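When we follow my numbering, the leftmost residue of the sequence shown carries the number 2, and every step to the right adds one.
Positions of the beta carbon are idealized from the N, C-alpha and C atoms, including for glycine.
Please read these numbers as outputs of a predicted model, since none were measured by experiment.
Here is the structure we will look at.
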Amino acid sequence: MLQLSEIFYSLQGEGTFTGTPALFVRLAGCNLSCDFCDTDYSLKFLASVPEVVEHVRREGQGCPMVILTGGEPFAQTQTPELIDALRDDKRRVHVESNGTIPVSLAGDVWLTVSPKERLHDTMAQRADEVKLIVNGRVPLEWIDRFPATTPIFLQPEGNKPANVALSVEAAKAHPERLRLSLQTHKFIGIR
Ligand code: SF4
Numbered sequence: 002m003l004q005l006s007e008i009f010y011s012l013q014g015e016g017t018f019t020g021t022p023a024l025f026v027r028l029a030g031c032n033l034s035c036d037f038c039d040t041d042y043s044l045k046f047l048a049s050v051p052e053v054v055e056h057v058r059r060e061g062q063g064c065p066m067v068i069l070t071g072g073e074p075f076a077q078t079q080t081p082e083l084i085d086a087l088r089d090d091k092r093r094v095h096v097e098s099n100g101t102i103p104v105s106l107a108g109d110v111w112l113t114v115s116p117k118e119r120l121h122d123t124m125a126q127r128a129d130e131v132k133l134i135v136n137g138r139v140p141l142e143w144i145d146r147f148p149a150t151t152p153i154f155l156q157p158e159g160n161k162p163a164n165v166a167l168s169v170e171a172a173k174a175h176p177e178r179l180r181l182s183l184q185t186h187k188f189i190g191i192r
């Protein structure tokens, strides 16, 4: 069984696909415990892979995009099976991961990596986009771990003005490499 925190229909608020309708499947649990983490990824219910696929169908009103998030989705061994089942159901699967657990993914799965510690090179090389959390400082030390063509977004923690200012300055200083990504869903009061 999969351990789940929530499943809901909203818009992607961050990164390359900002503004795109998507089903969010939040898997419970994480293998890290970052002190700035503000995500409730506690276990709320259990469901089998077919039950999650059915839940996504019911909730998603035909929406093709499904985002697996957490917590850390790959902390659960059944997540690759869920990805395959969603792809079989004609969903476009995105995964948001901290990049610590190496997993082999089909080419059509979109992988967002947000490194905090113990980044695994397999996931760094596989990432389609990178999200760096700016929380009092810009963690530039991660940049060289990713291929030069991988887009890197700076995301100010909590959309706080000081973190936004740091992000803007860093993006301007590294225009070939960095972009700003705000949590737009928070501006309009959606999840
Ligand atoms: S990796 Fe992400 S979900 Fe896990 S503790 Fe850190 S910020 Fe929270």
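Any non-hydrogen atom of the ligand SF4 closer than 7 Å to residue i Cβ
i, result
"residue 44", "no"
"residue 6", "no"
"residue 161", "no"
"residue 40", "yes"
"residue 73", "yes"
"residue 99", "yes"
"residue 117", "yes"
"residue 69", "no"
"residue 64", "no"
"residue 33", "yes"
Beta-carbon gap between residue i and residue j smaller than 8 Å
i, j, result
"residue 16", "residue 113", "yes"
"residue 123", "residue 148", "no"
"residue 231", "residue 11", "The chain is shown from 2 up to 192; residue 231 falls before or after that span and cannot be answered."
"residue 1", "residue 61", "This structure cannot settle anything about residue 1, because the visible part of the chain is limited to 2 through 192."
"residue 24", "residue 66", "yes"
"residue 98", "residue 44", "no"
"residue 110", "residue 131", "no"
"residue 146", "residue 120", "yes"
"residue 133", "residue 156", "yes"
"residue 47", "residue 2", "yes"
Given residue i as reference, the closest of the options once Cα atoms are compared
i, options, result
"residue 80", "21, 186, 28, 176", "28"
"residue 4", "158, 26, 153", "26"
"residue 190", "83, 106, 92, 14", "14"
"residue 181", "167, 144, 188", "167"
"residue 176", "144, 55, 158, 22", "144"
"residue 183", "135, 140, 141", "135"
"residue 89", "125, 51, 30, 155", "51"
"residue 171", "160, 159, 154, 185", "154"
"residue 54", "8, 37, 118", "8"
"residue 101", "64, 83, 82, 127", "127"
"residue 32", "92, 22, 116", "116"
"residue 18", "96, 159, 162, 188", "96"
"residue 188", "159, 58, 164, 77", "159"
For residue i, the residue or residues it bridges with in DSSP
i, result
"residue 168", "In the DSSP output, where bridge partners are listed per residue, residue 168 has none listed."
"residue 10", "24"
"residue 97", "113"
"residue 84", "Answer is none; residue 84 lacks a bridge partner."
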